[in-house]
Structures are given as C-alpha cells and as structure tokens.
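Per the working numbering, the very first residue in the sequence shown carries number 422; after that it's consecutive.
Just so it is clear, CB atoms sit at the ideal spot from N, CA and C, and this is done for glycine as well.
Encoded as structure tokens, the structure appears first; notes follow it.
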Amino acid sequence: MRLEVSQMPDEIAHQGIAVLSQEDLSDLNIQTGSAVSVRGGRLGRAIIRTSPEASRGSIYLDATTRLNCSCRVGDSVEITPLEKPRSLKGALLAPIGEEMDDDLEDFVGRNLYGRILGKGDHITFPSPGGGVLELQIEKLRPLGARINGGVVDADTEIRIAKRPARKPLLETGDVSFADIGGMDSIIEKIQEVAVVPLLHPEIFIRGGKPPIRGVLLHGEPGTGKSLLARALARETRATFHSVSAPEVLAGLEGTPQETLRQLFIQAKNDEPAVVFIDEIDAIAPDRHRSSECARKLVAQLLVLMDGMNDRGQVVVIGATNRLEALDPAVIRSGRFERVIECEVPDRDGRLEILEVHTRAMPLSEEVDIEEIADLTVGFVGADIDHICREAVYRAANRAFGFDRLLDMQELEASEMEITPQDMLDAFDLVRPSIKRKMEREIEKTGFESIIGQEEAKDALKEKMLRPLEFPELHEAAELKIGSGILLHGPPGTGKTQLARACASIAGAQFLSVKGPELLSMWQGESERAARNLFDKARKMSPCILFFDEFDSLGVDRGKVGPGHSGLSSIVNQILTEMDGIDSRDGILTIAATNRKDLIDPAFLREGRLGTHVEVSLPNKEEYPEIIGVHLGGVKRSEDIDLDEQCSSLPLGLSGADLSGIAVKAREMAVKRHLLEHPDGETAGFQIEECDIENAISEKSIPLQMAALA
C-alpha cells in the first residue's frame, strides 16, 4: 500500500511508531502493534499504532523515521507488513555528533524495549539531561536482522560505542519541531519561508523568482531561537552549519571575514543546508557606531548575503535579542527578508513547553502541569526548563536526603518520583530571566493586612483583579485587560503596600520601579529605560506595572525649568507608551505619589491613569487594629488593651507612624527581657503592657509635632 507522509503529533514523537487510520490498518490486514517496513528513498521500519483522528491514505511519521525512510512530509511511501520479526540478541549503537555519557546506557536500553531496529537507522528520544539524544544502529545480531530488522526484548544486549557514528545518514539538527513547545505560529512562519523552498524548489523555478533565503529571529533570551534553526535543518533533511559571533570574531586580523567566507562555501557544497549565525548583532552592528574592523566584517556579511541567488539551496538564519543594534542594511530585501519575533509564550504555549520538558521525567500522578502553566506567567522556554531541572534536585533531596547524596554509596534512583510540591518548590527558586534586573520580592499577603482604605481596595479589585480573574468575560464584553490607577495621599498611608497586596492576590507578574531609577544624566537613556520597561511588561502580560514616587517621573511639563528638557522628554515617552500607539493590552499600571499636584495633567485623563484614589490617613478608631497588625505574631500579655493605650495618640498619624510604635514596643520588650535574662534565653518572652506604654510615650511627642505640622 502507498500512503502519503504526514507530520506526527508532537506528544508521540521519538517512539519509533507510525500512525495509520483504522481503515488503512484493516486494508493491510494487520493489527496495532505490528511491525511494517516503510520505503521512501531508503527502507525504514516502524511499529504501527492507530488513531481515530488519523486521515485515511496518510501515514504519520516523526522527523527521525522520515530521515530513516529518506522521505519528507507530502511524499508517497510504500508500506509493507513484516512477518513476525525476530528478537535481537545484541545491538551496537553509536552517538551522532558528540560522545555520550556511560550513565545513559541503561536509559537507552529501557527506551528501546519493544522497538524495531534496522542497520543504519537513527533513533532519538528525549534526553534526561534536556534536549534530544540521537544514536545510529551500527551492528545487529543475529546477522539476518541486518536486512529485515529485529525487535528489542528483555534479553537483547545493548552496547553503545565510545565514539561518534562513522556514517550517519545526515549530520543535521538534533531536535525537530516536535521538540519545541509553544511556538506553533512561529514554526508555521518558518515552514512557509524556509521549509517549502528546500522541499519544493520546483515551485520557485516555475514562478520565475528565487525564494527567500534569509530569516532573522529576534526575541528575549531563552525563547527558542537556536532550537528553531536546528529543528529546521532536521525537518528539511538539510545539513546544519552553526557558528556564533564570538567564534567568528576570535582570531587574527582578517580571520573573521575568512571564517564567514568558508562557512558559506561549505554550506554551498553541502546543500540543501541551513546556516545559523547566533548573536548576529556582534558581527553585524550598526556601521555608524562601529570600529573599522567591525565595518569590514559587516561589509563581508552583506556581500555573502547578496550572493544568495548563486548559493542554491542554502537558508541563512540569524538570531539576536538586540534587533535595534543591527546595521539597517542587513535587514533589507534580498538579505534577511523575514524578521520573526520569538515571543514570550502565553499560557497555552507554556503548557506545551512543559509537556515537552517533562516527558522524560518521572512525574507522580498528582502533578498537574496545567497548574504550573498558570503560575509561570512571563517565563520563557529556558526558564521552564530550569524549573524542571530544579524539581529534580528537590525530589532527590526529599527522597534520599542531602547527606546520602554526598555519599559515594549507590542509590536506587528508580524509586525517585517528582511530586507536586517538588515542582512548586522549584518554581519558587526560579525567576523569569526577562525581569531579573528589576526583581522585587513580593510579600505573600492580601488586603486583610491593610486596615481601612476600602475605596482603594474596591478600585484595585475592579480595575486590576477582576480583569485577571475573569479574562473571558472581559473579552466577551470587548474590554481590554489594561488600565491605570493613581494612588495619592500623604506619606506612610499604605500606597505601596496596597500595590504589593494587589500583585500578590493577582498572581500576575509584577514589575516595580521607583521613579528616580529610570532617570539618567545621559541624553536619551531615560527614554530608552522607559521604553524597555513597557516592552518587558507587554511581553509578560498580564503584568502589573507599579511606579512608586511617580511625581519624579511624570512631572508637569509646564513647570520644568530651563536646563531640564530631559524631564519633558521622558514624560513624552511614558505618555506615548501609556497611549494606544503600541498596544498595552495586558498591562495594568499603578502609580503612587504624595504630590499629585506635581504630576502632568496629561497623565490624569482616562486611558492613562484615569482612576484616582486617595489613600488617606487612618481614623483614630483604626489605630489599635493597625498597631496589632504590625505587632505580628509576637506573643503579647493578656493585660494589654490597645484601645485604651491608643486613646492618648493624636489624630493625623499615618500607618507608617503606627508601625513605628509597634517596632519600638518590640524593641522595648527585648531590652526589658535582657535585663531579666542576660543570657538571652527566649523562654517567657512576650510584649507587656509597659512596653506598649513606653513606646507610645517615647513616640508621642515627635508624632504630635509631626501631626500638627
């Protein structure tokens, strides 16, 4: 029977199977689990599975099986049932590319059980160290299995050579599109631009125009740019030539240009080929701001790119996370004609990435990776891989104990299982790489820790929390998740604490910046910092962006004096970012100030910081409860009556003032306890009524003066 090759679903790749429809299975007169030969340009083998979603007339193969059969998606292959294949007595495998660790031999043997192998075939499976492990079958016993193949059973002796494979079918990328999660839309763009021309050059011969041969991938570090290039080479059965900018730049004068020339010459000899240049901004910087040596290297790259029409089936892929640093000539038509952004993944994308990274992990049945996907807002693929690796450490510590892990005694690793708590502990240890430079530890607290301020709490719930909790409802109402709130009022009233509590409740990413942190003495740097801040917030959406001391950033432009024009520029930049020029859907902005009168009126309109909430001083009736909150869980004497003791305090005190009284009371308690117990013993320690009275007495005079002022 002849069937058309289709792409296998990602979740069942690397298993040595082929999927058919039930109708085709019946026509072949075989059952699921049977072995078949698949002949394209080469004879390959697979174990048959069926699926109700499979289309009749199609056979679903992963990239490795397509390589073994020398076929591509859309090709027609011949399927022949194999009579009961014999069991293998032994098999010698050799790694593709680099040597493999000895510790992985048992792992390879377990993953080969039940698979059918043929001499020269490649096999792949997810590596426990991350990525994909690829080997080639070099020898099989008995001799007859070399022709028809054989099945691995419990008695098969699996040996792995200490050297790389001598004659691999193709030295290409070690991952396929099935090993990249959360990038379906980007993969589709790559397939259109690069895969189709390599698979079907006749289309462009007929069209009379050369295909696009240059693709530039840009995005935050860890989003999968290098993986995409390696997967492209494997999917198209093209040779893969990779070079990083430091490798090009290393060497004597003139060597960088020669390195680039040799790279392109080698790719032309190996066509179809994929040339991947990582960190391309280092070898193609803007020539207006570069040295003479850098300008020569840029010129060499441009000449080589212009020769693409004469290079045949060679696709050049560049990767950078600094698109703005590239020379404009690099991204014009005829060179890198398609510029594709590798975005920070959304919730569904994170779930796909987790499925890829956890498929080789011994997860317990209680692990819910959908819950982890919900938690990891703003995480890129590399961050999620980091979480999975940290979870292994946590599971090992829990299962064996740290002391046993440092002992040379052999452990029964098969007993280890990764639990939901291991994953959550790992999540707490990893921060999104996109926001590490502006990381703020957010206290896990709620509005219950803030006494009063009901108006501010209601506004935050309506504008911030509700859109995040019910996004589908807001989408149905055609409301975008993006709004701004200005919290204003005297110092110490809890504006910052309200923002922190909101971020903690929302579970969204939280970027916090104090106004002066964005200001720079260098012209243009403040504007760049503001632009980068909003850009990061967009990529991590939904995200709460909190500006403290906003009056220092959003200063009224009408009050900016001579010599301070830079302040007006940053105000204009932030206004532009808050407006609709670039979509800010998913960015929830909170600004706090105690000088609302200094803020430019343009910020205060609807669409920017349209909701204004005054965070006022607490009522005197709230004093005891506020002090009680700030005393925390410290043991207190039952004789303490905070209502009576707070009656002597003046009106006009802020939450920070009352927090100071609580801190002073604890200090008084420590001082008194040390007089009674000089050795510092903690037994019997508690806050007494006299500690509260002394703290209020000591603080009352300066607080009264401050309140009167």
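- Put simply, of 686, 910, 626 the residue whose alpha carbon is nearest the alpha carbon of residue 972 is 910.
- Just measuring C-alpha positions, the residue of 641, 1008, 1023 sitting nearest residue 743 is 641.
- Looking at the DSSP output, residue 989 sits in no beta bridge, so it has no partner there.
- In terms of Cβ geometry, residue 553 and residue 600 form a close pair [threshold 9 Å].
- According to DSSP, residue 426 shares a beta bridge with 480.
- Taking the C-beta atoms as reference points, residue 718 is found no nearer than 9 Å to residue 698.
- For residue 936, the closest of 908, 967, 915, 653 by C-alpha to C-alpha distance is 967.
- Short of 7 Å from the beta carbon of residue 922, and not among the five residues preceding or following it, lie these beta carbons of its own chain, in chain order: 866, 867, 868, 870, 871.
- Counting the other CB atoms within 10 Å of its CB gives residue 656 a total of 16 or more, which places it among the buried residues.
- For the options 747, 840, 572, the alpha carbon positioned closest to that of residue 819 is the one of 840.
- In this structure, the straight-line span from the alpha carbon of residue 1021 to that of residue 940 is close to 17 Å.
- Ranking 711, 757, 709, 702 by CA distance to the CA of residue 724 puts 757 first.
- At the C-beta level, residue 491 and residue 440 stay beyond 9 Å of one another.
- Sequence-distant Cβ neighbours of residue 753 in its own chain, meaning closer than 8 Å and more than five residues away, do not exist here.
- Residue 492 sits in coil when the DSSP states are folded into three classes, being neither helix nor strand.
- Rounded to the nearest whole angstrom, the CA to CA distance from residue 715 to residue 681 is 13 Å.
- Rounded to the nearest angstrom, the gap between the Cα atoms of residue 432 and residue 646 is 21 Å.
- Rounded to whole angstroms, the gap between the alpha carbons of residue 875 and residue 913 is 17 Å.
- Check the Cα spacing between residue 1076 and each of 916, 435, 750: the tightest is with 916.
- Cβ-Cβ separation between residue 514 and residue 562: approximately 13 Å, too far for a contact (criterion under 8 Å).
- Counting the other Cβ atoms within 10 Å of the Cβ of residue 696 gives 16 or more, which makes it buried.
- Burial of residue 615 is indicated by the presence of at least 16 other C-beta atoms within 10 angstroms of its C-beta.
- Bounds of any beta strand (DSSP E) do not take in residue 971, whose DSSP letter is neither H nor E.
- With a 10 Å radius around the Cβ and a threshold of 16 neighbouring Cβ atoms, residue 900 comes out exposed.
- The C-beta distance from residue 1039 to residue 1063 rounds to 14 Å, too long to fall under 8 Å, and the pair is not in contact.
- For residue 1094, the enclosing alpha helix (DSSP H) starts and ends at 1076 to 1097.
- For residue 446, the closest of 426, 422, 995 by C-alpha to C-alpha distance is 422.
- One thing to note: residue 538 has its Cβ within 9 Å of the Cβ of residue 572.
- Scanning 919, 894, 1071 for the CA closest to the CA of residue 906 turns up 919.
- For residue 708, same chain residues with a beta-carbon under 7 Å away, outside a window of 5 residues either side, are 716, 719, 748 in chain order.
- Rounded to whole angstroms, residue 546 and residue 677 show a C-alpha spacing of 37 Å.
- The three-state reading of DSSP puts residue 699 in strand, counting E and B together.
- About 4 Å separates the CB atoms of residue 536 and residue 437; that is less than 8 Å, so the two are in contact.
- DSSP, read as helix, strand or coil, puts residue 1116 in helix.
- Excluding sequence positions up to five before and after residue 846, its CB lies within less than 6 Å of the CB of 815, all in the same chain and listed in chain order.
- For residue 947, the enclosing alpha helix (DSSP H) has its first and last residue at 946 to 960.
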